[in-house]
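Participant: As given, the protein sequences belong to chains A and B, one line each in that order. Position one of the first sequence corresponds to residue 13 (this note's numbering), numbered consecutively onward. Position one of the second sequence corresponds to residue 10 (this note's numbering), numbered consecutively onward.
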Amino acid sequence: MKDQEHRGIPTTTPRQSATFSQDVNSDIRRAAATGIYDIRGGGAKRRVPNFDDLLFMGASISRYPLEGYREKCETKVTLGTRFAKNPIELDIPITIAGMSFGALSGPAKEALGRGANAAGTSTTTGDGGMTPEERGHSSKLVYQYLPSRYGMNPDDLRKADAIEIVVGQGAKPGGGGMLLGQKISDRVAEMRNLPKGIDQRSSCRHPDWTGPDDLEIKILELREITNWRVPIYVKIAGARPYFDTTLAIKAGADVVVLDGMQGGTAATQDVFIEHVGQPTLACIRPAVQALQDMGMHREVQLVVSGGIRSGADVAKALALGADAVAIGTAALIALGDNDPRWEAEYNKLGTTAGAYDDWHEGRDPAGITTQDPELMARFDPIEGGRRLKNYLKVMTLEAQTIARACGKNHMHNLEPEDMVALTMEAAAMAQVPLAGTNWYPGKGGF
Amino acid sequence: MQTIDLEANGLRALNEQLHAQAADTNQTAWEIVNARGSHAIAVGLDAPIEVTVKGSTGYYCGGMNKQATINVHGSAGPGVGENMMSGTIVVDGDASQYAGATGHGGLLVIKGNASSRCGISMKGIDIVVHGNIGHMSAFMAQSGNLVVLGDAGDALGDSCYEARLFVRGKVKSLGADCEEKEMRPEHIEILKDLLERAGADAKPEEFTRYGSARNLYNFDVDNASAY
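#1: Is residue 111 (chain B) close to chain A? Criterion is C-beta to C-beta, closer than 7 Å.
#2: Could you check which residue in A:437, A:415, A:454 has the C-alpha nearest to that of residue 85 (chain A)?
#3: If distances are taken between C-alpha atoms only, which option among A:397, A:449, A:34 comes closest to residue 127 (chain A)?
#4: What does residue 233 (chain A) touch in chain B if you count any residue whose Cβ is under 9 Å from its own?
#5: If distances are taken between C-alpha atoms only, which option among A:376, A:125, A:231 comes closest to residue 96 (chain A)?
#6: Give me the Cβ distance between residue 229 (chain A) and residue 28 (chain B), rounded to the nearest whole Å; I'm assuming they're in contact under 8 Å.
#7: List the endpoints of the continuous alpha helix (DSSP H) containing residue 293 (chain A).
#8: From A:253, A:150, A:252, A:234, pick the residue whose C-alpha is nearest to that of residue 473 (chain A); which is it?
#9: Starting from residue 413 (chain A), follow the alpha helix (DSSP H) in both directions and report where the run begins and ends.
#10: Would DSSP call residue 26 (chain B) helix, strand or coil?
#11: Is there a Cβ of chain B sitting closer than 7 Å to that of residue 98 (chain A), yes or no?
#12: Rounded to whole angstroms, what's the CA-CA distance from residue 399 (chain A) to residue 177 (chain A)? Just pull it up for me.
#13: Distance check for residue 84 (chain B) and residue 64 (chain B), CA to CA, integer angstroms please.
#14: Where residue 204 (chain A) and residue 94 (chain B) are concerned, what is the direct C-alpha to C-alpha distance, given to the nearest angstrom?
#15: Using a Cβ-Cβ cut-off of less than 8 Å, give me the residues of the segment 218 to 245 of chain A that come near chain B, in sequence order.
#16: For the pair the segment 98 to 109 of chain B and the segment 164 to 184 of chain A, tell me if three or more CB-CB distances fall below 8 Å.
#17: In terms of residue numbering, what span does the beta strand (DSSP E) encompassing residue 431 (chain A) cover?
#18: Measuring only the C-alpha atoms, how far is residue 239 (chain A) from residue 20 (chain B)?
#19: Grouping DSSP H, G and I as helix and E and B as strand, with all else coil, what is residue 118 (chain A)?
#20: Indicate whether residue 274 (chain A) and residue 292 (chain A) have their beta-carbon atoms separated by less than 7 Å.
#21: Excluding five sequence neighbours on each side, which residues of the same chain lie with their C-beta closer than 7 Å to the C-beta of residue 206 (chain B)?
#22: Give, in chain order, every unbroken run of the beta strand (DSSP E) that is at least 3 residues long and sits entirely within the segment 27 to 111 of chain B.
#23: Taking residue 188 (chain B) as part of the beta strand (DSSP E), name the residues at either end of that continuous run.
#24: Indicate whether at least one CB of chain B lies closer than 7 Å to the CB of residue 293 (chain A).
#25: How long is the line joining the alpha carbons of residue 106 (chain A) and residue 373 (chain A), rounded to whole angstroms?
#26: From the DSSP output, in three-state form, read off residue 441 (chain A) for me.
#27: Any residues in the segment 139 to 166 of chain B with a beta carbon nearer than 7 Å to a beta carbon of chain A? Which ones, in chain order?
#28: Closest by CA to residue 108 (chain A), which one among A:426, A:404, A:425?
#29: Which stretch, first to last residue, makes up the beta strand (DSSP E) that contains residue 132 (chain B)?
#30: Report, in whole angstroms, the separation of the C-beta atoms of residue 286 (chain A) and residue 58 (chain A), which I expect to be a contact under 8 Å.
#31: If you run the structure through DSSP and keep just helix, strand and coil, what is residue 172 (chain B)?
#32: Identify, in the order they occur along the chain, each residue of the same chain with its Cβ nearer than 6 Å to the Cβ of residue 227 (chain B), setting aside the five sequence neighbours on each side.
#33: List, in chain order, every chain A residue whose beta-carbon is nearer than 9 Å to that of residue 58 (chain B).
#34: Should residue 186 (chain A) be labelled buried (16 or more other beta-carbon atoms within 10 Å of its own) or exposed?
#35: Applying the 10 Å Cβ sphere with the 16-neighbour rule, what's the burial state of residue 141 (chain B)?
#36: Please name the residues in the segment 169 to 188 of chain B whose beta-carbon is closer than 7 Å to at least one beta-carbon of chain A, in chain order.
Spelled out as structure tokens, the structure:
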């Protein structure tokens with residue numbers, strides 16, 4: 013360059029390739045050095061059309077708002093009204109998504125229970141079974157029924173307030189799981205009937221049923237074992253939401269849990285997380301359409317998860333037809349995950365606060381996604397529970413604020429008609445008009 | 010002996026009655042007639058009772074069983090004894106796929122043949138099959154014992170962990186990371202006990218033991234072709 017300047021030739025600014033960006037190049041170098049794909053936790057990090065691309069219009073002359081500090085806006089939701097003797101009644105339409113003991117520490121699971129209790133909502137177990145701590149600290153606990161069946165037993169099944177048959181997960185539709193050996197403590201190993209220190213694979217398919225006809229019989233079996241007492245959820249990934257929701261309803265689900273690609277996982281291949289599945293926003297309307305086509309909207313409840321962060325996201329998911337939402341990653345952040353207070357330690361791990369996603373390695377400075385006793389001791393479950401409660405309350409207040417502004421006295425009265433989209437993509441996915449128009453792609457055949 | 014006509018009373022009434030039996034119940038003998046291949050018969054039992062099912066059963070007979078002894082006087086559909094914790098299930102005829110899937114304990118005896126994926130993901134259960142078993146049996150089997158007096162199909166014990174697999178006949182092929190193992194005295198003792206409890210006429214010395222080579226326990230890129 014100096015030579016060019018010397019000769020009076022103008023220099024060009026160094027230009028990074030959009031195709032071979034620094035991120036991409038680092039992936040290539042890492043693959044070349046290790047010979048193995050990258051495994052990480054969390055959900056899709058790429059930007060996809062999401063709830064930020066929608067806006068509520070609020071009320072004006074043609075719509076009548078409710079007074080924010082005086083008029084009631086109900087947030088209660090009941091899940092499992094179709095067949096269960098004891099549906100789950102929640103004070104707020106925000107639940108805690110399934111996360112395993114193993115992936116999370118015992119105190120972190122306890123904090124989720126404490127926070128959810130205080131906010132009047134439910135928590136969910138994960139792959140690895142139910143611990144006495146989480147049952148004890150969660151007044152409403154959903155027990156996941158996963159392909160691995162780690163820790164599955166009829167006693168815990170009967171202790172559950174609901175059963176969630178996990179068919180898919182938004183971060184990895186069609187994929188199983190992996191808990192690497194370094195996170196397998198004696199207790200985790202015992203709960204999963206496997207030796208300590210080995211990688212514990214979770215299969216992608218259930219071992220004793222395939223297809224919707226079998227699922228119907230599996231649901232019958234679980235209902236018989238639990239005497240038709242508790243609701244049975246079916247959790248699907250955002251893959252083919254119309255057909256999967258239809259089949260879950262046909263199989264007898266009380267509740268469909270729909271998890272989009274922003275939904276987190278404890279550990280999966282990065283390529284899987286970023287390239288398989290659909291954005292949460294794209295999944296809701298097809299699922300609601302399936303419920304409506306089957307005459308089951310509101311009779312079979314829809315819980316949406318994957319990238320829910322705020323009361324605005326809650327309100328938008330409900331306006332699109334969901335009955336409730338579930339949060340996972342956001343709940344961990346509320347507990348203290350990826351907090352800048354641990355920045356120096358994140359740096360030592362080669363990352364930074366906000367970007368830490370090697371949850372599977374068990375070295376979480378915040379002491380949440382680990383089984384290391386020293387790291388776990390950094391986390392206070394009582395304080396964590398208080399923080400989660402606060403966060404859930406704020407989300408609820410935010411969602412109520414929006415609902416009142418739209419003139420709704422119940423969160424479930426929000427509707428697609430209350431919203432517009434900022435982008436063509438969001439308009440198409442949410443089937444609400446592009447802002448400033450009365451049209452969305454697909455409407456009227458265009 | 011309590012007799013329940015399943016066709017007349019329905020599945021819900023049947024399981025409700027069986028679930029109502031306490032550990033010290035006097036009604037220890039139950040007979041179910043007109044099973045007619047119904048699903049979810051006698052699931053979730055948790056009492057030391059003996060249930061005899063007259064006829065063949067559909068899916069998941071005896072699922073998640075604890076303590077009870079269940080005799081099926083016929084053949085069993087998919088998932089018989091799935092996730093059972095304890096007790097005994099004896100099937101006089103054949104069993105369809107996934108027999109004893111994910112079972113944590115107890116004894117499952119199939120006097121005929123068992124189809125594919127017998128003992129898939131087993132977690133401590135003992136399974137004795139008097140006849141043959143189908144392909145992919147003991148896939149990801151974690152612990153417990155699978156005893157087969159006849160032959161085994163393709164990919165036996167694929168990706169298995171610490172389960173012990175004993176086969177008297179031929180094995181069509183072994184799955185990934187499954188290998189033939191030495192039969193030590195303690196294995197002869199285990200087999201002797203299981204064969205006796207399962208009413209099987211065979212000598213432990215006639216069997217070959219298979220189990221995990223433990224090469225896939227921790228991911229290694231050099232083993233990627235094994236998956």
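Note that the Cβ used here is the ideal one computed from N, Cα and C, for glycine as well.
Facilitator: Result, derived from the coordinates:
#1: Indexing the second sequence from 1 puts residue 111 (chain B) at position 102. For residue 111 (chain B), the answer is yes, since a Cβ of chain A falls inside 7 Å of its Cβ.
#2: Walking along the first sequence from the start, residue 85 (chain A) turns up at place 73. Checking every option, the nearest Cα to that of residue 85 (chain A) belongs to A:415.
#3: One-based indexing of the first sequence puts residue 127 (chain A) at position 115. Nearest option by C-alpha distance: A:397.
#4: One-based indexing of the first sequence puts residue 233 (chain A) at position 221. Per Cβ cutoff of 9 Å: 48, 49, 52, 53, 68, 69, 72, 73, 88, 91.
#5: Counting from one through the first sequence, the residue named residue 96 (chain A) turns up at place 84. Of the listed residues, the one whose Cα sits closest to residue 96 (chain A) is A:231.
#6: Residue 229 (chain A) sits at position 217 when you count from the first residue of the first sequence. Residue 28 (chain B) sits at position 19 when you count from the first residue of the second sequence. Wrong, their Cβ atoms sit about 19 Å apart, outside the cutoff.
#7: Your numbering for residue 293 (chain A) matches position 281 in the first sequence. Per DSSP, residue 293 (chain A) belongs to the alpha helix (DSSP H) from 292 to 305.
#8: Residue 473 (chain A) lies beyond the range of chain A shown here (13 to 458); nothing can be said about it.
#9: For the purposes of this step, residue 413 (chain A) is taken as residue 401 along the first sequence, with counting starting at 1. For residue 413 (chain A), the enclosing alpha helix (DSSP H) starts and ends at 393 to 417.
#10: Translated into the one-based positions of the second sequence, residue 26 (chain B) becomes position 17. Residue 26 (chain B): helix per DSSP, three-state reduction.
#11: In the first sequence, residue 98 (chain A) corresponds to position 86, counting from 1. So no, residue 98 (chain A) is outside the interface.
#12: For the purposes of this step, residue 399 (chain A) is identified with residue 387 of the first sequence, where counting begins at 1. For the purposes of this step, residue 177 (chain A) is identified with residue 165 of the first sequence, where counting begins at 1. One C-alpha to the other measures close to 29 Å.
#13: As a working note, residue 64 (chain B) is residue 55 in the second sequence. As a working note, residue 84 (chain B) is residue 75 in the second sequence. When only Cα atoms are considered, residue 64 (chain B) and residue 84 (chain B) end up about 7 Å apart.
#14: Here residue 204 (chain A) corresponds to residue number 192 of the first sequence, with the count starting at 1. Here residue 94 (chain B) corresponds to residue number 85 of the second sequence, with the count starting at 1. Straight-line measurement puts the Cα of residue 94 (chain B) at about 14 Å from the Cα of residue 204 (chain A).
#15: Within the segment 218 to 245 of chain A, the qualifying residues are 219, 220, 221, 226, 229, 230, 232, 233, 236, 237, 238, 239, 240.
#16: They do not touch, by the three-pair rule.
#17: What you label residue 431 (chain A) is simply residue 419 of the first sequence in a count that begins at 1. Boundaries of the beta strand (DSSP E) harbouring residue 431 (chain A): 431 to 433, taken from the DSSP string.
#18: Along the first sequence, read from residue 1 onward, the residue named residue 239 (chain A) stands at position 227. Along the second sequence, read from residue 1 onward, the residue named residue 20 (chain B) stands at position 11. Near 11 Å, if we compare the C-alpha coordinates of residue 20 (chain B) and residue 239 (chain A).
#19: Within the first sequence, the letter at position 106 stands for residue 118 (chain A). Here residue 118 (chain A) sits in helix by DSSP.
#20: Translated into positions along the first sequence, residue 274 (chain A) becomes position 262. Translated into positions along the first sequence, residue 292 (chain A) becomes position 280. Taking 7 Å as the Cβ cut-off, residue 274 (chain A) and residue 292 (chain A) qualify as a contacting pair.
#21: Against the second sequence, residue 206 (chain B) aligns to sequence position 197. Excluding positions up to five away in sequence, the list reads 116.
#22: You should have 38 to 42, 59 to 63, 78 to 82, 97 to 100.
#23: Numbered from its first residue, the second sequence carries residue 188 (chain B) at position 179. For residue 188 (chain B), the enclosing beta strand (DSSP E) has its first and last residue at 187 to 190.
#24: Position 281 of the first sequence, counting from 1, holds the residue named residue 293 (chain A). Closer than 7 Å: no.
#25: Residue 106 (chain A) sits at position 94 when you count from the first residue of the first sequence. Residue 373 (chain A) sits at position 361 when you count from the first residue of the first sequence. Rounded to the nearest angstrom, the two C-alpha atoms are 29 Å apart.
#26: For the purposes of this step, residue 441 (chain A) is taken as the residue at position 429 of the first sequence. Looking at residue 441 (chain A) - three-state DSSP - the assignment turns out to be helix.
#27: Under the 7 Å Cβ criterion, the segment 139 to 166 of chain B contributes 149, 151, 152.
#28: Start at 1 with the first residue of the first sequence, and residue 108 (chain A) comes out as number 96. Relative to residue 108 (chain A), the option among A:426, A:404, A:425 whose CA is nearest is A:404.
#29: As a working mapping, residue 132 (chain B) is identified with position 123 in the second sequence. In this chain, the beta strand (DSSP E) harbouring residue 132 (chain B) covers 132 to 138.
#30: Residue 286 (chain A) sits at position 274 when you count from the first residue of the first sequence. Residue 58 (chain A) sits at position 46 when you count from the first residue of the first sequence. Contact holds; Cβ gap of about 6 Å.
#31: Start at 1 with the first residue of the second sequence, and residue 172 (chain B) comes out as number 163. Residue state, collapsed to three classes: coil.
#32: Here residue 227 (chain B) refers to the residue found at position 218 when the second sequence is read from its first residue. Excluding five sequence positions before and after residue 227 (chain B), none of the CB atoms of its chain fall closer than 6 Å to its own CB.
#33: Stepping through the second sequence from its first residue, residue 58 (chain B) is reached at position 49. Correct list: empty, because the minimum Cβ distance to chain A is about 15 Å.
#34: Residue 186 (chain A) sits at position 174 when you count from the first residue of the first sequence. Of the residues assessed, residue 186 (chain A) falls on the exposed side of the cut-off, its CB having fewer than 16 other CB atoms within 10 angstroms.
#35: Here the question's residue 141 (chain B) lines up with position 132 in the second sequence. By the neighbour-count definition (other C-beta atoms within 10 Å, threshold 16), residue 141 (chain B) is a buried residue.
#36: So the list reads 170, 171, given in the order they occur along the chain.
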